[in-house]
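Here is the structure we will look at, set down as structure tokens.
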Amino acid sequence: MKRTIVVLVTLFLLVAQSCKDYLDFEPKGVLSTDQLNTPEEVDKMVIAAYASLSNDFFLSQMASVPWIWGSVRSDDAYKGGGGTGDNFDQHIMETFNLLAPTNGQINDIWIYLYENLGRANDALRRMESLTEAEYPALKMRQAECRFLRAHWHFILKILYKNPVWVDASLPKTQLNTLTNVTLTDEELWNKIVEDFQFVVDNLPLTQQQVGRASKVAAWAYLAKTRLYQAYEQDENNNVTNINQARLQEVVTLCQNIINSGGKSLAPDFAENFLCGFENGPESIFSVQYSQDDGTQNGKIQLATGVAYNMAPQFGCCDFLNPSYTMLNAFKTDPATGLPMMETYNNDFLFKINTWANVNDLSTIDFMSQTVDPRMDHTIGIPTHPWKYDPDFVANKSWRRVPEVYGYLTSMKALEHYNSSCFVKLGPFMGTSRNADLIRYDDVLLWLAESYIELGQQNLALPLINQIRERAANSAGRLVRKNGSPISNYKVSPYINGVNCNWTQDFARKALQWERRLEFSTEGVRFFDLVRWGIAAETLNAYFAKEKTTFGFLKDAFFKKNRDEYFPIPQAQINFSQGLYKQNKGW
């Protein structure tokens, strides 16, 4: 017995010492925080900060195509999917009914955005221990991270109005020690501007490596920020003033881009949405996607992965359906070739109540009404070739629940099944085609908008006409198998004194209409309406029209002075123990 006890005690001591030695051992492959503060490792962290741009999923749209936040919440598109209960949080956002600070997706997107912002700040924090002598690229990498940080703050600002400003001085684990009301609305915009201005001051016009921020990209984002800031709002989200000095800054910045050379409109609108034309002359800054890059599934864009229709080549999930009001917006006056801004929605282009009973859609005459070609670049319409393929014709059977959402399908951001950029992952689809955050067409229309609000609408006229002339010349791919056009296209430029009276009021309407057509279903429309201060009247008129046909909109109503922004998530207010304050109206 004594010998047994001695053996057991000896074994226990040996095991205990062995465990102690094991626990004291520093595992291989693990870096301490100080080991990351080297030029080589910081460079990797900057790349990781860029990578956050492409981490979208359809529930966490953050950068590329924010269709839930900017299109479904507007008159652009319906949520789609398998019905109102399919992703019910998004149905609530679409109708603004039952929306509350406890909405799960509103909290999720807050978390995702701050996680991405944290990557940029983490890299910036580690650069503080480096000098330019040991890290010659220091200023450039700081500028790139501040570009990304400003990008994320900008999105937070237009979504939540009063987010928390976070710089590199505070670890993201201490985010709940701040408050979201320290800075005024103006001060928060200026913080974003400071970051973009640093980028302008420290980056070259273009970068050797495609996808990195540049001076031109910073000019564009700076112009966008100043444009939003120019529409000054009170605490109830009412636009109370349009700051002329801010608009003049936008003019200067846009002219800088135009005069820098190398940027222009693509000759065909289609090239902005086709694999093989990425990083072209119209792209100002884009998210870079890839496949076959050594990772399991590639770095593919999944934000629109559920927007593919139910065609056998896809099979899921039919979200992001263009609205019938949006379809009508593409109508043009047969005599003038101009948009029918006042009467476009008096009657639907194609009677909805008839569509559900039509057995042979080929009997519908799509040539009886003139339309803008951008309609067939944007909307998948039964009997029309889908994605420029005359042999791949959209069909009623492609719709998942047409009795709920009608017969229109998305197309612009999606890939043809034969595209080299198309990727299928189980039931979901993705694309390795890059997604533009800012294009040259945006820059031209920002400049035109600024001129109009400055009372210089005559300077805006040729800019808007550039966009319209490109649209008119973008019908070459929109043909049937026999070479005939899909629809009856007619788009004309505005000619003062001939087909229009180009006053400031008319020019403003023309500008707003052009943005609507140019960026339909790209997640832009809602934020434009809020910036212009016309969200409530526009969306409630849209609901009143469409709910007569679509039952899922029967309870939809936009509450002015509240619904312009998401509420601050209640979970985040709780997390901060009440330091975060709720937005007005919530």
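Position 196, counted from 1, in the sequence shown is what the UniProt record's numbering calls 196; the numbers after and before it change by one each time, with no gaps. C-beta: ideal position from N, C-alpha, C; glycine also.
- Taking C-alpha positions only, Cys500 is separated from Asp441 by approximately 23 Å.
- In this model, Arg149 and Phe58 are separated by some 22 Å (Cα to Cα).
- Taken through DSSP and simplified to helix, strand or coil, Cys145 comes out as helix.
- Annotation for Gln233: the continuous beta strand (DSSP E) segment containing it runs 231-233.
- Every alpha helix (DSSP H) of 4 residues or more that sits fully in the segment 508-561 is shown, in chain order, as 525-532, 535-546.
- Look at Asn121 here: in three-state DSSP terms it is helix.
- In the three-state reduction of the DSSP assignment, Trp110 falls in the helix class.
- Closest in C-alpha terms to Phe550, from the list Arg515, Val404, Tyr388, Val164, comes Val404.
- Asn583 and Lys224 have their C-alpha atoms spaced approximately 23 Å apart.
- A Cβ-Cβ separation of about 18 Å leaves Ile438 out of contact with Leu511 under the 8 Å criterion.
- DSSP lists Thr409 as the bridge partner or partners of Gly380.
- The beta carbon of Val423 lies closer than 6 Å to those of Gln291, Ile300, Gly430 in the same chain, with the five residues before and after it left out.
- By the criterion of a C-beta distance shorter than 6 Å, Pro334 is surrounded in its chain by Thr370, once the five residues flanking it on both sides are discounted.
- Here Lys412 has Phe273, Thr378, Thr521 as same chain residues with Cβ atoms under 6 Å from its own Cβ, once five neighbours each way along the sequence are excluded.
- In this structure, Ser264 sits away from Asp76, with a CB-CB distance that is not shorter than 8 Å.
- Annotation: Glu469 to Ile284 spans about 21 Å, alpha carbon to alpha carbon.
- Taking Ser576 as the centre and dropping the five residues before and after it, the same chain places the C-beta of Asn176 closer than 6 Å to its C-beta, in chain order.
- When DSSP states are grouped into helix, strand and coil, Phe319 belongs to the strand group.
- Linking Ile192 to Pro163 through their CA atoms gives a straight-line distance of about 12 Å.
- By alpha-carbon distance to Lys490, the top candidate from Ser129, Ser474, Asn482, Asp505 is Ser474.
- Taking C-beta atoms under 8 Å as the contact rule, Ile257 and Val46 fail to qualify, at a distance of about 24 Å.
- When rounded, the separation of the alpha-carbon atoms in Lys44 and Leu178 is 29 Å.
- According to DSSP, Met429 shares a beta bridge with Lys424.
- Taken through DSSP and simplified to helix, strand or coil, Val443 comes out as helix.
- Going by DSSP, Asp195 is part of the alpha helix (DSSP H) stretching over 185-202.
- At the C-beta level, Cys317 and Gly70 stay beyond 8 Å of one another.
- Taking all protein chains shown into account, Ala100 has fewer than 16 neighbouring C-beta atoms within 10 Å of its C-beta and is therefore exposed.
- The criterion of a C-beta distance shorter than 8 Å is not satisfied by Met375 and Phe319.
- Straight-line spacing of the CA atoms in Ser54 and Glu564 works out to 27 Å.
- With a cutoff of 8 Å on beta-carbon distance, Phe196 and Ala168 are scored as not near each other.
- In this structure, the beta-carbon distance from Ser410 to Asn321 falls below 8 Å.
- Sequence-distant partners of Ile467 (beyond 5 residues in either direction) whose C-beta falls short of 8 Å from its own C-beta, in its chain, are Leu265, Asp441, Leu444, Leu445, Glu514, Glu518.
- Counting along the chain, Thr240 sits inside the beta strand (DSSP E) bounded by residues 239-242.
- About 6 Å separates the beta carbon of Leu188 from that of Lys157, a gap short enough to meet the 8 Å contact definition.
- Using a C-beta cut-off of 8 Å, the segment 525-538 makes contact with the segment 226-241, since at least three inter-stretch Cβ pairs fall below that distance.
- Listed as beta-bridge partners of Ile438 by DSSP are Phe285.
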